[in-house]
Amino acid sequence: MSFSNLPRAHIDPIEAPLVALRLILMMVDPEASAETLVLTLDHRRCGVSITHVSGTDDPDAVLGVIDALAESARSSLGVAGLVVASIRPNVDLEISDLARWHEADRSCWESDIELVEWFVVGTSVSCPREFCGVPARWPR
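Each position in the sequence shown, counted from 1, maps to that position plus 105 in the working numbering.
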């Protein structure tokens, strides 16, 4: 994967889910058993930061990560959205992830930011938002 094709923080908008996922997956720890990565976006959808949290083996751990980042973003004028990836080796989307999507979305909404996407990466890549019937939040 070429670094020259990656969006530059604070400069290039991230306007497609595969671009965000590609950027996030570059940060995955190949030795980790489970982890959560969060890409924060500004109002133009440019990347601000990537937060890496290891040891998120419990599927509900993503909610604590999102709550903490949403609360932190509330006091930061530069953050308008989150793209989240739960890395779960050998585990796919769970039916309980649909309820987690709604809870995470509500937490972000209460902090006045948008949960743009949540990827569950296991033996495949899934987006709980799609299974909840929520329209895509990407511009194209």
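Every residue gets a Cβ at the ideal spot worked out from N, C-alpha and C, and that includes glycine.
None of the values given here were measured: they were computed from a predicted structure.
Legend entry - Coarse secondary structure for Pro112, derived from DSSP in three states: The residue you call residue 112 lines up with position 7 of the sequence shown. The answer is coil: DSSP assigns Pro112 none of H, G, I, E or B.
Legend entry - Cβ pair Trp223, Trp243 closer than 8 Å: Here residue 223 refers to the residue found at position 118 when the sequence shown is read from its first residue. Here residue 243 refers to the residue found at position 138 when the sequence shown is read from its first residue. No, these two residues do not count as a Cβ contact at 8 Å.
Inset, instruction - Compute the Euclidean distance between the alpha carbons of Ile119 and Val221, then round it to the nearest angstrom. - result: The residue you call residue 119 lines up with position 14 of the sequence shown. The residue you call residue 221 lines up with position 116 of the sequence shown. Approximately 11 Å between the Cα atoms of the pair.
Legend entry - Cβ-based burial, Leu182 [other Cβ within 10 Å; buried from 16]: Working through the sequence shown from its first residue, we reach residue 182 at position 77. Label assigned to Leu182: exposed.
Inset, instruction - Tell me whether Ala204 sits in a helix, a strand or coil according to DSSP, three-state version. - result: Here residue 204 is taken as the residue at index 99 of the sequence shown, counted from 1. Helix, per DSSP.
Legend entry - Coarse secondary structure for Trp214, derived from DSSP in three states: Position 109 of the sequence shown, counted from the first residue, corresponds to residue 214. Helix at Trp214.
Legend entry - Simplified DSSP state of Ala190, which is helix, strand or coil: Start at 1 with the first residue of the sequence shown, and residue 190 comes out as number 85. Note: Ala190 maps to strand in three-state DSSP.
Legend entry - Rounded straight-line distance, which links the Cα of Val124 to that of Ser154: The residue labelled residue 154 in the question sits at position 49 within the sequence shown. The residue labelled residue 124 in the question sits at position 19 within the sequence shown. Using only the alpha carbons, I get a separation of about 15 Å.
Legend entry - Other residues of its chain near Asp203: CB distance less than 7 Å, five sequence neighbours each side excluded: Walking along the sequence shown from the start, residue 203 turns up at place 98. Note that residue 203 is Leu in the sequence shown here, rather than Asp. The answer, listed in chain order, is Pro233, Phe236 and Cys237.
Legend entry - Gly152 versus Leu128, Pro240, Leu174 and Thr141, residue with shortest Cα-Cα distance: Taking the sequence shown and counting its residues from 1, one reaches residue 152 at position 47. Per the Cα distances, Leu128.
Legend entry - Nonlocal neighbours in the same chain, by C-beta distance under 6 Å from Ser191, ignoring five residues either side: As a working note, residue 191 is residue 86 in the sequence shown. Thr141, Val167 and Val225, listed in sequence order.
Legend entry - Contact belief for Ile251 with Ala173 at Cβ below 8 Å, rounded distance in angstroms: Since the displayed the chain opens at 106 and closes at 245, residue 251 lies outside it and no answer follows.
Legend entry - Inter-residue Cα distance where the pair is Trp214 and Pro240: On the sequence shown, residue 214 is found 109 positions in, with the first residue counted as 1. On the sequence shown, residue 240 is found 135 positions in, with the first residue counted as 1. So the two alpha carbons sit approximately 16 Å from each other.
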